[in-house]
Every structure is written in structure tokens, then in C-alpha cells.
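Worksheet: one structure, shown below.
Residue numbers (my numbering), protein chains in the order written: chain A, 160 to 698; chain P, 303 to 376.
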């Protein structure tokens, strides 16, 4: 029988959960969303979404995880079975495995780009030439060559490609840490990585805020105007008052979407991490602390660095770059090219992004490892080896079909976006309507060091499910036809969907096997029988 | 109407695009939203970490166990 793992310390656990949430979206997606949706006015719907949607769903996930962990379970299928008391919930828990595994397959690649770019800045490999007019084109060319977006088969061009080398390094580090376990691997790493990440971010922030007016020929491009481009409240269209942005449904949807993806809600990660808590551990204050840490990185650091830096050197055109990859890997290298000491600060920036990414990718592996351990009764070595094989094959697929990043974008569209919302919807309905919001509230309050507001019940029972269902319906109405058309036009995209479906079926089969095994061992999660090794339900 | 003094300050009403606003630096509205947002997040994080670090040994501060029915059957 696999022995139960627990977190080593509370702060370590909070930093691990926060590290899971803090990712590229905090530094690259949030500033872009804010600047294009009303600037400072965006923060009104943003904080409303945080309080009404993000934090309540986080608390629900923490509670579900801790409750399932009490019965000795750490994976979504098993915990869903415990909460839902029906095998259908166990099978719906496949989303809690599929989402982190598939996202890991391409996220580890982006992570290796960050480390590769950090190395490139440190070693001076990134050279955008002497002509400032060609910086943007050179930067785009460097990125295309680095990720192999010009053609498929990045690894088959007869030479050792730098991005593949970094992919191998990053992939290995991830699995080494996962192999070491929850406390000795994930928690140990996050306890050091998070402060280092904050240090790197502060160093870049100080550099950006002390730039003054770097180009005397353009006095209008200075620090204050950069901050103004990010924070000045404005309407969505020219001539509109700023409050029109607050009144626009588009802004509210964008704000809720940012909160949703920023907090890693619907990734199946928080449930898994919370399952390693002990029965009397607090989830309310811990969940809020992890959320506030994520917000600190997003608002206080991400909101002051990315867009202002881009505006100071490149003006509104550069700062208005759409897309996370364009802003992060094409625009910012140009910014560091202009910036005094840009080689060092470019390294610090991309190394910080790498740390943000690896603390997230680690969290994507643990749910599947936990499932293999408890579902198939495999040891740590075997579980890590099997997951390593599956994710390596998937990641190879993404690397090979690198042309226009089609495979990566398809996985991100269908799993990193749609399946995440789907999983969150399943979780919220399961928690509030099947498990019962009153029982959920009671379970959350057990050991709580902060009183959960009564409003939590209303939010999690009505507001969160309605919002999530609304998002799903709107997506089907507005985007589904276009996405299907995109699939029809691209064989690679179709193949990617095929890979996702095959993996889904494979995971469903494993869940079936696990379910039979749990039943045979009289620890069927559909019933609430505690397994022999689970902590006592009595106080 | 255009000759009348505006009812609200300029940052509150008829500003045009983000680019035009940025050209005038950080406006009063920009300062307010930026500082308020950062202060809110810092206050929330500060409150949380103060509470967490004040009670490092969580197990010593448990509430009484709640009655949770665990005998449900399908």
C-alpha cells in the first residue's frame, strides 16, 4: 500500500499552491487584458470577479481536496467519487487528470523557451543587430527559429536544436522533483523558487521604474506615461468615458476570465494539493493566502512591469501587442535590447518566467502521479515512469508539429481553455448541488482559522455555476463553429484532437480499473467507507 | 453645453483613447486606480500572512470537530 504523503509545513504548502497559480498569465496576460479593457477601470470588475467568483471557487476546491484526502484519496476521480457517491462522478473526474496532463505537454515546452531565452540573454546569443528599425523583425525571426514555427519537424533538421536541449533539461528537472515527492520535491523547490522569483521581479521592476525618459528625442515616452498607458482609466472606444468600460459586459467577461485562469481554478491541481492536508488543517485562510500571493505577483508586479516597459521604449504600438507569446517572446526582447543593462535584466526577467512556469508545471504532474499510485497501486518510481512516458510522447508531438505552433495552440484552445471551464463547472456543481453547500460549508469550516462568509454559500451555489454555464454557452455560440472550421482545415489540428481523445479513453480505462480495485479493497469512493489506512473520522 | 464647466474632472469624463491619455502621463484617475489596486492587494496579502505566521502550528488552534455524515450510501 502506498504510504500517505503530507505537506511539511504550512508556509511551504501555501507557496506551492501560490506557485501553481503564478505563471506566465500573471506577467503577460493580465497587463494586456487590463490595458485593452479600460486600463484602471478594468480593476473594478477584476476585483469583483476575484471576490465573488475566484476566491469562493478556490475555497470550494480546497475543501473538496481536503475532504477527499481524509479518506486517503488524492486524485480527482477518487475524490469526485467520494463527494458524488456515484460512479459517474468518478468518470467525470477524468477531466482532473486530462487537463493537467495535456497542459503539461505543451506548457513544459513554453517553460523551456523561458529558460532558453534566459540563457540566450546571459550568453549574449540574442543579438537583434545594430539597426533599431529591424529590432522587431529580428526578434520575431529569433523566436520563430527558436520554437521552430516555420516548419514542422524541429528535431529532424540534422542538428541539435537549442530549444530541444532546454526542453530535455526542463522536462528532466520536473520529473526529478516530482519523483522526490510532495514535501521533499514540490514543497522544497517552491519554498526557494518563490522568493527568488519575487527577487527577480523586484529587480526588473526597479529597473523599469527608474528608467525616466530613456530617449530624449521622445520625451513623451517616459515612466509615468508608461504607467498611464496601463493604469489610466479609459473607455473601450475612442471618445467614451471610462465608466463605459465598467458598464460593458465585455469587460466583466474579460475580468472574470483573467481571474479564473490566473488562480488555476479548474486545473485539478488545488484539489490534489489540498488532499495532502491533515483533517484539522485550515483551508480558508490558507486558500486566501495563496490567492493573495498570486494577486501580489499579478497586480503589484505584473501590472507595473510589462506594459509600462513596452510603452517606454516602443510606444503605444509596442505596448498594444496582442497575445501572450507576442508580448513575452517578441516584444519584450526588443525592450531589453533598448534598456540599459538589458542583457542582465532580460536574463532576470526570463529566469523569473521560468520559475513561474516550473512551479506551475510541477503542480500539473502531481494529480496524475497520485492517481497512478492510488488507483493502480503503483509505487512512486513506476507512476513517475509511466507518466513520464505519456507526457514525453505528448510533448514530442507538440515539438514535432511546431509549424505555426498548431499542435500547441489546438491543445491550449480545447484543453487549456474549454476543458478547464468544463472541469470547474463540474467541480462547482458537484460541491454545491451534489455534495451540498451546507455540508461543504461545514467541511470548509473544520479547522478554519478564518470565518468563511455566509455569502460564500450563495456565491458557490448560484453565481459561480451560472457564470460558468454562461461562459460555456457563450463559447459554443460565438466560437465553436469557428474552432471546428479551424480543425477541418488543418490535419495537424485534427491529429491533435485525436491524441487528446485517445488519452481521454486511456484515462477512462484506468479509472475503470482503479474503481474495480477500490471496490475490491472495500474503499470504493462512491461510498464513504474510510480505507483502512485513512485517518479516523472521529475526532 | 460645451462652454459650460464640466461637472466632473477631465479624467472622469470625456477622455478619448488610452494613447492620448498616456501622452499626458499618469492622470489623477490613473494614480487612484493604481494605488487603490496595489494597496488592496498588499493589505489582503499582509493580513493573510500576518495571520498565517502568527499561528505557525495550525494543529494547536483547531475548532471542535463538526458533525459530518460519512455513512451515506448510493
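Where is the CB? At the ideal position from N, CA and C, for every residue including glycine.
Rounded C-alpha distance that separates residue i from residue j
i              : j              : result
residue 569(A) : residue 643(A) : 11 Å
residue 647(A) : residue 574(A) : 18 Å
residue 608(A) : residue 349(P) : 13 Å
residue 513(A) : residue 270(A) : 6 Å
residue 261(A) : residue 331(P) : 42 Å
residue 497(A) : residue 277(A) : 17 Å
residue 676(A) : residue 534(A) : 7 Å
residue 268(A) : residue 554(A) : 7 Å
residue 225(A) : residue 590(A) : 13 Å
residue 394(A) : residue 444(A) : 36 Å
residue 187(A) : residue 398(A) : 27 Å
residue 220(A) : residue 527(A) : 17 Å
residue 585(A) : residue 508(A) : 37 Å
residue 235(A) : residue 291(A) : 51 Å
residue 346(P) : residue 494(A) : 32 Å
residue 299(A) : residue 309(A) : 11 Å
residue 427(A) : residue 311(A) : 32 Å
residue 464(A) : residue 179(A) : 21 Å
residue 571(A) : residue 375(A) : 42 Å
residue 624(A) : residue 214(A) : 14 Å
residue 354(A) : residue 524(A) : 22 Å
residue 412(A) : residue 318(A) : 46 Å
residue 256(A) : residue 599(A) : 23 Å
Beta-carbon neighbours of residue i, restricted to chain P and to distances below 9 Å
i              : result
residue 452(A) : 347, 350, 351
Partner residues on chain P for residue i, Cβ-Cβ distance less than 8 Å
i              : result
residue 173(A) : 354
residue 592(A) : Per Cβ cutoff of 8 Å: no residues; residue 592(A) is ~15 Å from chain P at best.
residue 220(A) : Those within 8 Å of residue 220(A) in chain P number zero; the least Cβ separation is about 17 Å.
residue 609(A) : 353
Neighbour flag for residue i against chain P, beta carbons, 8 Å
i              : result
residue 383(A) : yes
residue 458(A) : yes
residue 448(A) : yes
residue 392(A) : yes
residue 387(A) : yes
residue 240(A) : no
residue 272(A) : no
residue 401(A) : yes
residue 199(A) : yes
residue 444(A) : yes
residue 567(A) : no
residue 618(A) : no
residue 419(A) : no
residue 455(A) : yes
Interface partners of residue i on chain P, CB under 7 Å
i              : result
residue 206(A) : 342
residue 202(A) : 335, 339
Contact with chain C by residue i, beta-carbon distance below 8 Å
i              : result
residue 459(A) : No chain C appears in the structure shown, which is made up of the protein chains A and P.
Min CB distance residue i to chain A below 8 Å
i              : result
residue 329(P) : yes
Exercise for the section: Kindly provide the ranges of any beta strand (DSSP E) runs that are 3 or more residues long and lie completely inside the segment 489-543 of chain A, ordered along the chain. Expected result: For the segment 489-543 of chain A, there is no continuous beta strand (DSSP E) assignment of 3+ residues that stays within its boundaries.
Handout entry: Start-end ranges of the alpha helix (DSSP H) lying completely within the segment 396-464 of chain A, minimum 4 residues
Key = 402-406, 408-421, 428-433, 443-454
Practice task
Give, in chain order, every unbroken run of the alpha helix (DSSP H) that is at least 4 residues long and sits entirely within the segment 201-250 of chain A.
Solution key: 202-208, 214-228, 235-243
Problem - Those runs of the alpha helix (DSSP H) which lie wholly inside the segment 336-399 of chain A and span at least 4 residues - result: 347-368, 382-390
Problem - Those runs of the alpha helix (DSSP H) which lie wholly inside the segment 607-684 of chain A and span at least 4 residues - result: 614-617, 623-634, 640-648, 650-679
Exercise for the section: Would you mind listing the alpha helix (DSSP H) stretches within the segment 572-612 of chain A that are 4+ residues and don't spill past its ends, in chain order? Expected result: 579-588, 596-604
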